[in-house]
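J.: Residues in the sequence shown are numbered consecutively from 9, following our numbering.
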Amino acid sequence: MERSVTRIIFVLCLFLLPFTLRKKGVKEWGLIFFSTGYVASILAQLAVKAKKIEYTVRPLPRYFDGNVVYEYLVLPLFCVWFNQSTYHAKIWGVVGRAFFYSGIHTLIEYFVEKKTGAVSWKSWNWFYNTTSIAMVFIGSRGILSLWKWLSKRYE
Numbered sequence: 009m010e011r012s013v014t015r016i017i018f019v020l021c022l023f024l025l026p027f028t029l030r031k032k033g034v035k036e037w038g039l040i041f042f043s044t045g046y047v048a049s050i051l052a053q054l055a056v057k058a059k060k061i062e063y064t065v066r067p068l069p070r071y072f073d074g075n076v077v078y079e080y081l082v083l084p085l086f087c088v089w090f091n092q093s094t095y096h097a098k099i100w101g102v103v104g105r106a107f108f109y110s111g112i113h114t115l116i117e118y119f120v121e122k123k124t125g126a127v128s129w130k131s132w133n134w135f136y137n138t139t140s141i142a143m144v145f146i147g148s149r150g151i152l153s154l155w156k157w158l159s160k161r162y163e
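(1) By DSSP, does Glu163 sit in helix, in strand, or in coil?
(2) Work out the CA separation of Arg11 and Trp100 for me, nearest whole Å.
(3) Residue range of the alpha helix (DSSP H) that Tyr46 falls in?
(4) CA-CA distance, Phe42 and Arg105?
(5) Measure from the alpha carbon of Tyr80 to the alpha carbon of each residue in Gly33, Phe135, Gly38 and Trp132, then state which is nearest.
(6) May I have a chain-ordered list of the beta strand (DSSP E) segments no shorter than 3 residues that lie completely inside the region 114 to 156?
(7) Using C-beta distances below 8 Å, list every residue in its chain close to Thr14, excluding the 5 sequence neighbours before and after it, in chain order.
(8) Within the continuous beta strand (DSSP E) that includes Glu62, where are the two ends?
(9) Work out the CA separation of Lys160 and Ala58 for me, nearest whole Å.
(10) Whether or not the region 105 to 119 and the region 24 to 36 are in contact is what I'm after, with contact meaning three or more pairs of Cβ atoms, one per stretch, closer than 8 Å; do they touch?
(11) Taking the alpha-carbon positions, what's the Ala48 to Pro84 distance?
(12) Taking the C-alpha atoms as reference points, what is the distance between Lys98 and Arg70?
(13) Please confirm whether Phe135 has its beta-carbon closer than 8 Å to some beta-carbon of chain D.
(14) According to the neighbour-count rule (16 or more other Cβ atoms, all chains shown, within 10 Å of its Cβ), is Asn91 buried or exposed?
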């Protein structure tokens with residue numbers, strides 16, 4: 009069951025990826041997608057090594073301790089969607105939506121953790137998950153703001 013859930017999520021993310029990156033600003037969305045994947049892989053390694061989270065189903069387990077589908081597809085897609093929805097938002101709108109998106113993300117991850125066993129939260133809970141994902145979203149929005157500022161400045 010766990011492997012089939014991971015495969016379904018993988019196929020769904022691959023299906024959604026072209027539609028997500030098709031919108032105006034492909035360079036920006038690509039930057040956010042790849043930088044989030046990079047940061048997520050580092051943070052996941054820290055969480056797994058500290059035994060806070062355990063991924064029972066892992067694609068490429070010889071090479072990665074975390075779940076590659078989550079780190080390089082799911083979270084970056086959510087991050088791009090977040091940045092697309094906050095492109096013209098002010099700071100409080102960004103923070104509010106960060107916690108809204110991370111709350112939705114945490115609910116989905118909680119369901120996956122409880123119903124499938126693909127991920128196991130050891131000394132991790134919904135608060136840590138929501139807060140850490142919101143910080144990743146806000147950090148990616150900071151990268152997007154810096155990119156927009158540099159693009160304007162050096163045009």
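The beta-carbon is built from N, C-alpha and C at its ideal position, and this holds for glycine as well.
T.: With the structure as the only source:
(1) coil
(2) 39 Å
(3) Val34 to Lys57
(4) 21 Å
(5) Among Gly33, Phe135, Gly38 and Trp132, the Cα nearest to that of Tyr80 belongs to Gly38.
(6) Annotation: the region 114 to 156 contains the following complete segments of the beta strand (DSSP E) (minimum length 3 residues), in chain order: 127 to 129.
(7) Val65, Pro67, Asn75, Val77 and Ala126
(8) Where Glu62 is concerned, the enclosing beta strand (DSSP E) stretches over Ile61 to Tyr63.
(9) 41 Å
(10) no
(11) Going by the C-alpha atoms only, they are around 8 Å apart.
(12) 43 Å
(13) Judged by its chain identifiers, the structure shown contains no chain D, having just a single protein chain.
(14) buried
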